[in-house]
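Enquirer: There's a structure below that I have some questions on.
Protein chains in written order, with this note's numbering: chain V, 188 to 298; chain D, 299 to 413.
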């Protein structure tokens, strides 16, 4: 059974048109993460939530926002996508054993 | 600050041959170490992890990694690879900080298994 679910798997948006990616988890963990992964690169942490506490990485652009209405759901909002924002976006949570559990990702294309 | 170095960006290897993917890390504190595998257009899947105890850890599909503290390494090995092992492999390190794990990933190694 899927434990971290991301929808949609593929998203196409237009330059400058706001887009929202969603993530849900069935593990009931209090920490959730959003990563950006560009082709042939390592995942880059954008931000994480510890319960409702939002923690932004210092180099995450203001164009990226997030919401976590409850433990299960977390959203990534890109207010004005640029061509450079085309990437795979990965959502993750973590288990008590120290590892992170990733969703399948959403591949964002900006036209 | 912690960092991870994966020296090889691509590793081609013939099917049924052995392989080693190298990973070195640096950190000022004790760390957890991980290997993740990523298949095309998919998320990362945990392959194996070192938290404490035995320095040799194994996965269910024949991979193993050995934590070497003196050399700050966590190399991934498999004695005989299969076509299905073709994927990208990421080494990662984390330290527990304030209740969450800040994970630093290496730049990845693409394993290409040649029939």
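Glycine included, every Cβ here is placed at the ideal spot set by N, Cα and C.
If the cut is a Cβ gap below 8 Å, which residues of chain V does residue 344(D) touch?
Expert: To locate residue 344(D), count along the second chain from 1; it is residue 46. Per Cβ cutoff of 8 Å: 286, 287, 288.
Enquirer: What is the C-beta distance between residue 258(V) and residue 194(V), in whole angstroms, given that I count them as a contact (C-beta under 8 Å)?
Expert: On the first chain, position 71 is the one that residue 258(V) refers to. On the first chain, position 7 is the one that residue 194(V) refers to. So it is not a contact: roughly 18 Å between Cβ atoms.
Enquirer: Only counting runs of 3 or more residues, tell me where the beta strand (DSSP E) segments fall wholly within the region 210 to 238 of chain V, in order along the chain.
Expert: Listed in chain order, they are 218 to 224, 231 to 237.
Enquirer: Within this structure, are the beta carbons of residue 336(D) and residue 321(D) separated by less than 9 Å?
Expert: For the purposes of this step, residue 336(D) is taken as residue 38 along the second chain, with counting starting at 1. For the purposes of this step, residue 321(D) is taken as residue 23 along the second chain, with counting starting at 1. Contact: no.
Enquirer: Would you kindly work out how many angstroms separate the C-alpha atoms of residue 232(V) and residue 245(V), rounded to a whole number?
Expert: Mapped onto the first chain, residue 232(V) falls at position 45. Mapped onto the first chain, residue 245(V) falls at position 58. The straight-line gap from Cα to Cα measures roughly 10 Å.
Enquirer: With residue 391(D) and residue 329(D) assumed to form a contact (beta carbons below 8 Å), what rounded beta-carbon distance in angstroms separates them?
Expert: Taking the first residue of the second chain as position 1, residue 391(D) is located at position 93. Taking the first residue of the second chain as position 1, residue 329(D) is located at position 31. Correct: roughly 5 Å between the Cβ atoms.
Enquirer: Could you tell me the boundaries of the beta strand (DSSP E) in which residue 275(V) lies?
Expert: Within the first chain, numbered from 1, the residue matching residue 275(V) stands at position 88. It spans 274 to 281 - the beta strand (DSSP E) in which residue 275(V) sits, taken as one unbroken run.
Enquirer: Hey, does residue 401(D) have any beta-carbon neighbour from chain V nearer than 9 Å?
Expert: Start at 1 with the first residue of the second chain, and residue 401(D) comes out as number 103. With 9 Å as the cut-off, residue 401(D) counts as an interface residue toward chain V.
Enquirer: Between which two residues does the beta strand (DSSP E) holding residue 362(D) run?
Expert: Taking the first residue of the second chain as position 1, residue 362(D) is located at position 64. Here the beta strand (DSSP E) through residue 362(D) covers 362 to 366.
Enquirer: Could you tell me the distance, in whole angstroms, from the CA atom of residue 348(D) to the CA atom of residue 198(V)?
Expert: If you number the second chain from 1, residue 348(D) lands on position 50. If you number the first chain from 1, residue 198(V) lands on position 11. Answer to the nearest angstrom: the Cα atoms are 35 Å apart.
Enquirer: Closer than 8 Å by beta-carbon distance: list the chain V residues that pair up with residue 374(D), in chain order.
Expert: On the second chain, residue 374(D) is found 76 positions in, with the first residue counted as 1. Per Cβ cutoff of 8 Å: no residues; residue 374(D) is ~15 Å from chain V at best.
Enquirer: Taking C-beta pairs closer than 8 Å, name the residues in chain D that residue 228(V) reaches, listed in chain order.
Expert: Reading the first chain from its first residue, position 41 is the one you call residue 228(V). Simply 405, 406.
Enquirer: Do residue 206(V) and residue 295(V) have their C-beta atoms within less than 9 Å of each other?
Expert: Translated into positions along the first chain, residue 206(V) becomes position 19. Translated into positions along the first chain, residue 295(V) becomes position 108. Closer than 9 Å, so yes.
Enquirer: Residues of chain D with a CB under 9 Å from the CB of residue 294(V): which are they?
Expert: Within the first chain, the letter at position 107 stands for residue 294(V). In chain order: 339.
Enquirer: Which same chain residues, not among the five before or five after residue 285(V), have their C-beta less than 8 Å away from its C-beta?
Expert: Residue mapping note: residue 285(V) aligns to position 98 of the first chain, counting from 1. Excluding positions up to five away in sequence, the list is empty.
Enquirer: Please list, in chain order, the residues of the region 347 to 378 of chain D that have any C-beta partner in chain V closer than 9 Å.
Expert: Those residues of the region 347 to 378 of chain D that come within reach of chain V (Cβ to Cβ, closer than 9 Å) are 347, 349.
Enquirer: Check the Cβ-Cβ distances between residue 297(V) and every residue of chain D, and say whether any is below 9 Å.
Expert: Position 110 of the first chain, counted from the first residue, corresponds to residue 297(V). No, because no Cβ of chain D sits closer than 9 Å to the Cβ of residue 297(V).
Enquirer: Closer than 7 Å by C-beta to residue 243(V): which residues in its own chain qualify, once you throw out the five before and the five after it? Chain order, please.
Expert: For this step, residue 243(V) is matched to residue 56 along the first chain. Within the same chain, residue 243(V) has close Cβ partners 234.
Enquirer: Are at least three pairs of beta-carbons, each pair with one atom in the region 363 to 370 of chain D and one in the region 250 to 269 of chain V, less than 8 Å apart?
Expert: The answer is no - the region 250 to 269 of chain V does not touch the region 363 to 370 of chain D, with fewer than three Cβ pairs under 8 Å.
Enquirer: Does DSSP put residue 324(D) in a helix, a strand or coil?
Expert: Within the second chain, residue 324(D) is the residue found at index 26, counting from 1. Three-state DSSP puts residue 324(D) in a strand.
Enquirer: Assign residue 349(D) to one of three DSSP states: helix, strand, or coil.
Expert: Translated into positions along the second chain, residue 349(D) becomes position 51. Correct three-state label for residue 349(D): coil.
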